[in-house]
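All remarks here apply to the structure that follows.
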Amino acid sequence: TQLLEQSPQFLSIQEGENLTVYCNSSSVFSSLQWYRQEPGEGPVLLVTVVTGGEVKKLKRLTFQFGDARKDSSLHITAAQPGDTGLYLCAGAGVSTSYGKLTFGQGTILTVHP
Amino acid sequence: ETGVTQTPRHLVMGMTNKKSLKCEQHLGHNAMYWYKQSAKKPLELMFVYSLEERVENNSVPSRFSPECPNSSHLFLHLHTLQPEDSALYLCASSQDLLAGGGETQYFGPGTRLLVL
Numbered sequence: 001t002q003l004l005e006q007s008p009q010f011l012s013i014q015e016g017e018n019l020t021v022y023c024n025s026s027s028v029f030s031s032l033q034w035y036r037q038e039p040g041e042g043p044v045l046l047v048t049v050v051t052g053g054e055v056k057k058l059k060r061l062t063f064q065f066g067d068a069r070k071d072s073s074l075h076i077t078a079a080q081p082g083d084t085g086l087y088l089c090a091g092a093g094v095s096t097s098y099g100k101l102t103f104g105q106g107t108i109l110t111v112h113p
Numbered sequence: 114e115t116g117v118t119q120t121p122r123h124l125v126m127g128m129t130n131k132k133s134l135k136c137e138q139h140l141g142h143n144a145m146y147w148y149k150q151s152a153k154k155p156l157e158l159m160f161v162y163s164l165e166e167r168v169e170n171n172s173v174p175s176r177f178s179p180e181c182p183n184s185s186h187l188f189l190h191l192h193t194l195q196p197e198d199s200a201l202y203l204c205a206s207s208q209d210l211l212a213g214g215g216e217t218q219y220f221g222p223g224t225r226l227l228v229l
């Protein structure tokens, strides 16, 4: 069974601070995705990383896939209240025939003005 | 209307009731999914459909019964549920079955279910 450990589970910071969310596993994933979910809505895909060591940037968000494709991180620079939400990582297994995603338990981020 | 829609958005039911959740995708996708999201637990994949055929039943109790009459619609029929089944039920779709290469899944807003 593939598991994804996400940390921290909760993060409460002031506007302008930087933060990093981690997603770790003992399993190798063929790709890893990051989602953001706001209250009353479903998760929305932010990014997909596929290659070990890959770094992707989305405005103030930087995503990295570990060299061994077992872990990933999401770094937010100068957080804003609009970044508040639940952040989820999800991995697609290397041996998956239909692409089942394994989700982490999520990080609830609150950015205070 | 575009994207993935789910109805109802909220549902309260007793343990002896029978109800159905509906999902509709307007994206022309071939694969659809049901997930359960409970507090402090990772999203749990329940069912996967590809071209209206069920390809995965992830050890879900029989009190949950999915139905996919066509590639645009997905239902989850509920009967004799337990209080621990209270959760947010999310529907998602993707162009084709995820192949490990990072196909994008589009989620609906979910149905918040409370079983009394």
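The listed protein sequences correspond, in order, to chains B and H.
Numbering-wise, the first sequence is residues 1 to 113 according to the numbering used here.
Numbering-wise, the second sequence is residues 114 to 229 according to the numbering used here.
Glycine included, every Cβ here is placed at the ideal spot set by N, Cα and C.
Residue(s) in a DSSP beta bridge with residue i
i               : result
D71 of chain B  : B:N24
R233 of chain H : Outside the modelled stretch of chain H, which goes from 114 to 229, sits residue 233 of chain H, for which no answer is possible.
K153 of chain H : Answer is none; K153 of chain H lacks a bridge partner.
Among the options, nearest to residue i - alpha-carbon criterion
i               : options                           : result
S30 of chain B  : B:T107, B:V111, B:Q105 and B:A90  : B:A90
T119 of chain B : B:E38, B:V44, B:Q37 and B:Q33     : Chain B is shown only over 1 to 113; residue 119 of chain B falls outside these bounds and no answer can be derived.
A79 of chain B  : B:G93, B:F103 and B:V21           : B:V21
P155 of chain H : B:T110, B:S25, B:Q6 and B:P81     : B:Q6
L45 of chain B  : B:L86, B:G82, B:E54 and B:Q2      : B:L86
N143 of chain H : H:E216, H:V228 and H:P121         : H:E216
E169 of chain H : H:P182, H:L210, H:N183 and H:L226 : H:L210
E165 of chain H : H:Q138, H:L194 and H:K131         : H:Q138
L74 of chain B  : B:L101, B:P8 and B:A92            : B:P8
Residue i classed as buried or exposed, judged by whether at least 16 other C-beta atoms fall within 10 angstroms
i               : result
D198 of chain H : buried
S163 of chain H : buried
D112 of chain B : Contrary to the premise, residue 112 of chain B reads as His rather than Asp in this sequence. H112 of chain B should be labelled exposed.
M159 of chain H : buried
D71 of chain B  : buried
C10 of chain B  : Before going further, note that residue 10 of chain B is Phe rather than Cys in the sequence given. F10 of chain B comes out exposed.
G221 of chain H : buried
G104 of chain B : buried
R69 of chain B  : buried
A152 of chain H : exposed
G37 of chain B  : Reading the sequence as shown, one finds Gln at residue 37 of chain B and not Gly. By the neighbour-count rule (16 or more Cβ atoms within 10 Å), Q37 of chain B is buried.
Residue i vs residue j beta-carbon contact at 8 Å
i               : j               : result
L191 of chain H : P179 of chain H : no
F65 of chain B  : G82 of chain B  : no
T77 of chain B  : S12 of chain B  : no
Item checked: Uninterrupted alpha helix (DSSP H) stretches inside the segment 42-87 of chain B (no shorter than 4 residues) -> none
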